[in-house]
Amino acid sequence: MSLRVYNTLTRQKEAFQSIEPGKIGIYACGITVYDLCHIGHARSAIVFDVINKYLQYLGFDVTFIKNFTDVDDKIIYRAHREGCDIKGIAEKYIEAHNRDMDALSVARPTIAPRATDNIEGMIRLITTLFEKGLAYDVDGDVYYAVEKFKGYGKLSGRNLEDMLAGARIDVNEKKRNPMDFALWKTSKEGEPWWDSPWGKGRPGWHIECSVMSQRYLGATFDIHGGGEDLIFPHHENEIAQSEGATGKPLARYWLHNGFVRVNSEKMSKSLGNFAAIRDMLLDYHPEVLRLFVLQSHYRSPVDFSEGSLRDARMGMDRFYATLKALKDVLAGQGGTSDARQGSLTEGHRQVLEKMMTLPERFTEAMDDDFNTARAIGQLYDAVRILNSYLAEGPKEPSPEAVYVLGRSREILLRIGAVLGLFLDDPDRYFDADRNREVRKRGLNVEEIEGLVEARRLARAQKDWKRADEIRQALAEKKVSLKDTSARTVWKIE
RNA sequence: GGCGGCAUAGCCAAGUGGCUAAGGCAGCGGUCUGCAAAACCGUUAUUCACCGGUUCGAAUCCGGUUGCCGCCUCCA
585 MSLRVYNTLT RQKEAFQSIE PGKIGIYACG ITVYDLCHIG HARSAIVFDV
635 INKYLQYLGF DVTFIKNFTD VDDKIIYRAH REGCDIKGIA EKYIEAHNRD
685 MDALSVARPT IAPRATDNIE GMIRLITTLF EKGLAYDVDG DVYYAVEKFK
735 GYGKLSGRNL EDMLAGARID VNEKKRNPMD FALWKTSKEG EPWWDSPWGK
785 GRPGWHIECS VMSQRYLGAT FDIHGGGEDL IFPHHENEIA QSEGATGKPL
835 ARYWLHNGFV RVNSEKMSKS LGNFAAIRDM LLDYHPEVLR LFVLQSHYRS
885 PVDFSEGSLR DARMGMDRFY ATLKALKDVL AGQGGTSDAR QGSLTEGHRQ
935 VLEKMMTLPE RFTEAMDDDF NTARAIGQLY DAVRILNSYL AEGPKEPSPE
985 AVYVLGRSRE ILLRIGAVLG LFLDDPDRYF DADRNREVRK RGLNVEEIEG
1035 LVEARRLARA QKDWKRADEI RQALAEKKVS LKDTSARTVW KIE
């Protein structure tokens, strides 16, 4: 089986074939840099990060372009409010964006171009559109004449008549058709401006993506992606601009991720349920966020809530508990073994063979339109197999077991890396998790450890009643204890 | 008003024509444990919103009904 992807343009899954063998160009619409990134940005970024990494895992040489739109009404407004220029706002939020993305283990794009570095290209493209009769200017504003582009509406599945029937379109006397959109706008007093054949002005919203995608990936490239809300008007307009100018298809496959909701309602500023990535990361390990996102298919809507994230945390704990067990067993053995695959006895061999089918089951899931949810199901299966194997084996693992566990861990980590999971050290993961949970619940580490110590003394005297009272008291604070032969470890439920 | 999507166990969520309807969380029974926790084993949907139809065969295709949601305006 080979890769199939759902193409918004054709509304069906198609066999994926790159334009150039072994190479893939992806353009993902980045953010407009006027505010902190929220979990909707996080979802989109994580989804396309996994797509990027998976294509690389398949052996493709991927060029991944994600832009910053750094000139726009909202940025101008923000700059006015904060008393600085748009460059200052852009720098601030690009830096914040990069920090958030790094924290989420989202790989940096191959190139992250900025709109304001491509003004000349925009002017050239608009000039071409003029030459093709697709653009017109009115008092320094330039519009795209959508009626002149016959494919207009093909991506979003609309036609101009239907859209005009909807009454929510700006009345703008300057436009020949209400659906025409701005390519270039006259700059008002106090707004940033660039010289152009149409006077001092600034670009419209969609033009930058047409220019930058063509600059870095050519007239036609493999994959264009973004959130589903960009289908219309943004991507529709990009198609009109790019294809209108070049006469060639802009992208072969259009991929769009579904929306994020918060507590079952749409995330919006007016509802006050905007969750910044930065704030979420105070409460959850970044991989908990990734796991949560990847547990649903990328095109389905996803609902963030405390409960759903708690479940994701439980799942992530399960993975890391196994990784910790593997780490501990292998550390005790120096991680090496003389055993060989061919000489393994029955039980060991079966476990290793199951583990060795994991990559192929993973690929099968991912090849089906990046079905990360199914892929994660396979990882849980693998974890259960390993836990069972660990539970059955003797305390001191045999060289065979060390070999099997070592190989298994490699496989797990290699696949996890494609999803951006299992990148942390298990001990660090649990330490950080405990600190976060203690802080979130306003608990006191010294107090908990004092009680744990008191219980240890009680247990040493076989005062089970006292020991159980302490356990009960801690349990009420959601602190669970685990007695091991050496010591008692605790964790927040 | 136009366009589109979704409806699978208590919750989350795969599966989109045919083996026993993945997996996670929660629950229950067991093993382990002083008691627990974790882990493991077993168990939890004869059924996929509802009604028709196509088919040897449908959760999966078609038509209708109901409910929820998104886009059509800035938006990942």
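Residue numbering for the first sequence is 585 to 1077, as defined by the numbering used here. No residue lacks a Cβ here, since even glycine has one placed at the ideal position from N, Cα and C.
Looking at the DSSP output, K1066 bridges to V1073. Counting only residues of its own chain and dropping the five nearest sequence neighbours on each side, L997 has a CB closer than 7 angstroms to the CB of F1006. When the alpha-carbon of T906 is set against those of I969, N682, P885 and S927, the nearest one is in I969. The beta carbons of K1075 and D1011 sit no closer together than 9 angstroms.
With respect to L593, K738 sits close: the two C-beta atoms are nearer than 9 angstroms.
In the structure shown, the three-state DSSP call for I603 is coil. Per DSSP, P817 lies in no alpha helix (DSSP H) and is assigned neither H nor E. As DSSP reads the structure, H622 sits in a beta bridge with A860. Taking C-beta atoms as the reference points, D725 and W768 count as a pair closer than 9 angstroms. According to the DSSP assignment, F903 belongs to the alpha helix (DSSP H) that extends over E890 to G916. With respect to S992, V1073 sits apart: the two C-beta atoms are not nearer than 9 angstroms. Taken in chain order, the complete beta strand (DSSP E) segments of 3 residues or longer contained in the stretch 740-782 are 765-770. Per DSSP, the continuous alpha helix (DSSP H) segment holding D1017 begins and ends at P1010 to K1024. Three or more beta-carbon pairs drawn from the stretch 616-629 and the stretch 858-867 are found closer than 8 angstroms, and the two stretches are therefore classed as touching. Put simply, the backbone Cα of Q1056 is about 35 angstroms away from that of I960. Remark: C-beta atoms of K676 and T700 do not approach each other more closely than 9 angstroms.
Closest in C-alpha terms to E980, from the list L642, G916 and N591, comes G916. Cβ neighbours of K607 within its own chain (closer than 6 angstroms, five residues either side excluded): D645.
For D645, the enclosing beta strand (DSSP E) begins and ends at D645 to K650.
Here H840 really is in contact with I815; their C-beta atoms are around 6 angstroms apart, less than 8 angstroms.
Contact between P697 and F648 is ruled out by a C-beta separation of about 12 angstroms, above the 8 angstroms threshold.
Of the residues D633, G828, L928 and M864, the one whose Cα lies closest to the Cα of F714 is G828.
Taking the CA atoms as reference points, L642 sits about 32 angstroms from G741. Residue burial is scored here from C-beta neighbours: Q798 has at least 16 other C-beta atoms within 10 angstroms and is therefore classed as buried.
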